[in-house]
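Protein sequence lines, in the order shown, are assigned to chains A and B.
Residue numbers in the first sequence follow my numbering, run continuously in steps of one, and reach 264 at the last position.
Residue numbers in the second sequence follow my numbering, run continuously in steps of one, and reach 495 at the last position.
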Amino acid sequence: IIGGSEAPNHTIPWQVLLSVDGHRAGGMVIADRWIMTAAHVLKESGNTVPNDALRVYMGLTNVNTLRQSPVYTASIHIHPEYDNPNQVNFNNDIALIKLREPITFRASVMPVCLPEKGATYVTGMMGLVSGFGLTESNNNRILTNKLKYVQLPVVEQETCRASITSAKKKRSSVPRLTSNMFCAGVPEGGKDSCQGDSGGPFTLTDDGRVWAAGIVSWGVDCGQQGTYGVYTRVTHYLDWINKTMQEN
Amino acid sequence: CWRLPDQEPPMHGGVQSPQYPQPYPPNQNAQWDLSVPEGYQLRLTFTHLDIEASEGCHYDALTVFYDDKILGKFCGHENSADGIHPGNQPILSPGNRLTLVFQSDDSNPERHQNVGFSAQYQAIDIDECSAPEPADGSGPLCSQICLNTLGSYLCSCYHGFELRSDQRTCVLSCSGGIFDEPEGHLFSPGYPNPPPHAVSCQYIISVESGFTVSLNFTDNFHIESVDTEQGPNCLYHWLQVTVPNQEPMKLCGGKSPGLIITNSNNVQLDYHTDNDGLSRGWSLDYSTHRVQCPFPGKVGRGRVTPVLTEYLYRDYISVRCDPGYKLMTNGQEIESFSTMCQSNGQWHLPLPECHIIDCGEPKPLLNGGVTFLSGFQNQYRSIVLYHCNEPFYSLLGGTNVSFTCEADRRWRSNNDIVVSPTCLPVCGQPINHISAYQR
Chain A
17 IIGGSEAPNH TIPWQVLLSV DGHRAGGMVI ADRWIMTAAH VLKESGNTVP
67 NDALRVYMGL TNVNTLRQSP VYTASIHIHP EYDNPNQVNF NNDIALIKLR
117 EPITFRASVM PVCLPEKGAT YVTGMMGLVS GFGLTESNNN RILTNKLKYV
167 QLPVVEQETC RASITSAKKK RSSVPRLTSN MFCAGVPEGG KDSCQGDSGG
217 PFTLTDDGRV WAAGIVSWGV DCGQQGTYGV YTRVTHYLDW INKTMQEN
Chain B
57 CWRLPDQEPP MHGGVQSPQY PQPYPPNQNA QWDLSVPEGY QLRLTFTHLD
107 IEASEGCHYD ALTVFYDDKI LGKFCGHENS ADGIHPGNQP ILSPGNRLTL
157 VFQSDDSNPE RHQNVGFSAQ YQAIDIDECS APEPADGSGP LCSQICLNTL
207 GSYLCSCYHG FELRSDQRTC VLSCSGGIFD EPEGHLFSPG YPNPPPHAVS
257 CQYIISVESG FTVSLNFTDN FHIESVDTEQ GPNCLYHWLQ VTVPNQEPMK
307 LCGGKSPGLI ITNSNNVQLD YHTDNDGLSR GWSLDYSTHR VQCPFPGKVG
357 RGRVTPVLTE YLYRDYISVR CDPGYKLMTN GQEIESFSTM CQSNGQWHLP
407 LPECHIIDCG EPKPLLNGGV TFLSGFQNQY RSIVLYHCNE PFYSLLGGTN
457 VSFTCEADRR WRSNNDIVVS PTCLPVCGQP INHISAYQR
């Protein structure tokens with residue numbers, strides 16, 4: 017999280033820390049047996065990571081403490097249309113992890129709500145993204161052991177598309193923005209999610225109830241001026257989420 | 057060909073002299089054998105008789121015979137001074153036949169032409185019963201009762217006697233066998249007439265087990281008793297009533313014992329008289345009643361049905377418990393209960409008890425709990441309250457749901473739901489909030 021703050025205990029109880037083959041990623045609790053995350057966290061070079069390479073942690077905001085109590089996974093369900101062999105196609109970047117045992121919810125562990133059917137993402141609406149990822153810009157890579165969060169507004173889709181188009185002029189192989197994604201961030205930079213936050217929650221709040229609007233997916237640099245973070249648009253996947261959970 | 061049955065003689069008929077009503081010819085000698093059926097007498101009535109009159113009916117005559125016996129010899133006419141005319145008196149044959157012989161000589165008077173006779177005959181029933189006793193010492197036609205019938209008679213006997221095979225005389229009959237009908241009538245031989253001397257009769261009333269016999273003696277009771285210092289004694293004549301497992305009871309005297317309730321389904325009556333004295337006898341009606349069982353009593357928290365004023369042999373009762381209670385007998389629960397009043401006056405099963413049911417432990421609630429609100433040991437009408445571990449879980453449709461132990465032994469909610477509730481996770485509502493006061 018770039019430009020964020022440390023999250024006090026029990027403020028983001030759905031936050032999950034994933035450790036995938038030594039890499040750090042995020043996730044969110046959506047039910048007592050289910051974690052939602054990004055597909056690219058669990059599938060690299062076309063291969064789904066094995067269960068024993070995945071560690072799931074939840075309940076605390078300090079990685080050092082968290083790591084003492086892993087939660088075991090039962091199965092991994094990557095969206096069937098996620099296809100990103102070259103790390104340039106993050107369309108359908110969503111996955112579910114089923115846990116071996118159900119979680120008993122408490123102050124430190126609580127599910128985040130799934131969006132209502134037809135929930136909308138209003139440009140400018142402030143969301144909250146959290147994670148244990150990098151806290152500084154690319155030139156000064158610092159990984160935090162404390163859960164951090166930052167509040168970011170939803171960015172208008174065309175504005176985001178324009179920023180990505182602009183980035184394409186300078187770089188090759190910039191991923192494509194699809195309707196299954198939305199952007200959040202500030203044009204002046206300095207606040208963003210970053211590597212290690214992938215799979216974590218971008219939440220919006222309605223009537224005091226926090227719902228998972230997005231999943232940290234990708235972006236061009238972190239926290240740079242004129243760039244935004246790209247998030248998986250969860251509302252597009254409600255049917256798949258429900259179907260996957262019911263069938264499993 | 058086969059033989060026709062003997063033709064029965066007519067019950068009536070007529071007979072006339074030759075050529076009647078024309079004058080009869082001379083030198084006639086005609087005979088008529090008249091008969092009516094056996095058991096009847098024949099009565100002959102002349103409607104007209106006009107035969108040449110002579111002294112002693114010497115020339116022309118009509119002679120009436122019963123076998124060889126002449127019952128009458130007639131001639132002349134109603135107004136003639138001589139001759140023998142029967143007038144209007146009919147002739148009654150001693151038996152069922154008569155023979156008429158008509159004869160005329162060879163000359164007839166010229167001035168008065170006699171026309172002969174015309175007569176009718178008919179069968180007259182014989183009252184055999186009023187006939188005097190034969191002088192041969194064979195005794196009366198019937199020894200006790202004679203019943204006249206048309207053409208015959210029947211003998212019959214008084215109560216207590218049977219007709220012998222000779223169909224005439226009667227014999228004492230007091231070995232009446234076993235009376236096994238639910239009700240009946242018994243009496244001493246010849247009752248209400250005195251029986252012969254030295255009677256020894258036995259009557260056994262034996263009805264189905266489960267019934268008891270009651271004897272109801274009629275008022276007309278007379279068995280000779282001997283007066284002793286201790287009072288009347290049934291010394292020579294008696295009627296002994298014997299009931300199993302009870303002291304035999306000897307009855308005598310002139311006062312009816314009235315109603316005797318034996319409380320048994322087997323009763324033996326022995327009637328004894330000796331050669332002396334006089335007992336006019338007795339008669340009774342017996343009836344049977346079903347054995348009575350004791351009142352079944354009450355069952356706490358249950359109901360005994362049907363409710364009757366008395367419970368008799370073969371009556372059934374059943375017991376049902378109030379809602380929330382179960383039938384128990386000998387420590388075992390039973391689905392239903394009924395018992396029958398037996399022939400020995402006892403219920404074949406003792407009454408059960410009604411014990412309160414319990415619903416067992418209410419199912420635990422995952423991520424919640426259950427607490428007792430009221431009641432005892434999960435028994436009927438106990439109430440428990442389910443709750444979820446708030447604020448992380450909530451019950452669907454409410455914060456708390458109470459379940460009551462119902463009569464079907466299931467915990468049910470107010471909405472009649474049997475399935476215990478589920479705690480749903482609460483999402484998106486952390487107990488701690490990110491607060492930023494700096495602006």
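The C-beta atom is built at its ideal place from N, Cα and C for all residues, glycine as well.
Residue-level contact by beta carbon fails for A/Y253 and chain B, as no gap is shorter than 8 Å. Taking C-alpha positions only, B/E134 is separated from B/L219 by approximately 53 Å.
Per DSSP, reduced to three states, the secondary structure at B/Q145 is coil, with no helix or strand assignment. Fewer than three beta-carbon pairs drawn from the stretch 329 to 338 of chain B and the stretch 350 to 359 of chain B are found closer than 8 Å, and the two stretches are therefore not classed as touching.
Of the residues A/M197, A/M126 and A/Y165, the one whose Cα lies closest to the Cα of B/E446 is A/M126. Bounds of any alpha helix (DSSP H) do not take in A/T219; it lies within the beta strand (DSSP E) bounded by P217 to D222. For B/Y449, the residues of chain A that pass the 8 Å Cβ criterion are F121, in the order they occur in the chain. Looking at B/S110, B/D192, B/F158 and B/D124, the one whose alpha-carbon comes closest to that of B/I140 is B/S110. B/Y372 counts as exposed, since fewer than 16 other beta carbons sit within 10 angstroms of its beta carbon.
Runs of the beta strand (DSSP E) lying entirely within the stretch 138 to 221 of chain A, each at least 3 residues long, are 142 to 147, 164 to 171 and 197 to 200 in chain order. Within the same chain, Cβ atoms closer than 7 Å to the Cβ of B/G424 are found at Y442, H443, C444, N445, Y449 and C479, the five residues on either side in sequence being excluded. Taking every protein chain shown into account, the CB of A/Q31 has 16 or more other CB atoms within 10 angstroms, so this residue is buried. The stretch 417 to 437 of chain B and the stretch 386 to 399 of chain B do not touch, with fewer than 3 CB-CB distances between them shorter than 8 Å. When 8 Å is used as the limit between beta carbons, A/G224 is near these residues of chain B: Q485, in chain order. Residue pairing by DSSP places A/H39 opposite A/V36 in a beta bridge. Shown here for A/Q241: same chain residues with a beta carbon closer than 6 Å to its own, the five before and five after excluded, namely E204 and G205 in chain order.
Per DSSP, reduced to three states, the secondary structure at B/A109 is coil, with no helix or strand assignment. At a C-beta separation below 9 Å, B/I490 has these neighbours in chain A: S21, A23, P24, T27, I28, L144, Y165 and Q167.
Proximity of chain A to B/P481 at the Cβ level (cut-off 8 Å) is accounted for by A47, D48, F121, M126 and P127, in chain order.
Secondary structure note for B/E64: it is in no alpha helix (DSSP H), with a DSSP letter that is neither H nor E.
As the crow flies, the alpha-carbon of B/P304 is around 5 Å from that of B/T298. Membership of A/M261 in the alpha helix (DSSP H) is indicated by the continuous run L254 to E263. Counting only runs of 3+ residues, the beta strand (DSSP E) found wholly inside the stretch 350 to 385 of chain B occupies 358 to 361, 372 to 377 and 381 to 385, in chain order. Here B/G195 is exposed, its C-beta having fewer than 16 other C-beta atoms within 10 Å. Beta bridge pairing from DSSP links A/R249 with A/G230. Three or more pairs of CB atoms, one per stretch, sit closer than 8 Å, so the stretch 234 to 250 of chain A contacts the stretch 170 to 179 of chain A.
A/W227 has a beta carbon lying within less than 8 Å of a beta carbon in chain B. Under the three-state reduction of DSSP output, B/V71 falls in the strand class.
Residue pairing by DSSP places B/T460 opposite B/I439 and B/R468 in a beta bridge. Pairwise C-beta distances place the stretch 223 to 237 of chain A in contact with the stretch 143 to 152 of chain A, as three or more of them are shorter than 8 Å. When the beta-carbon positions are compared, B/Y214 and B/G69 stay at least 8 Å from each other. For B/D124, no pairing in a beta bridge is given by DSSP. The three-state reading of DSSP puts B/S186 in helix, counting H, G and I together.
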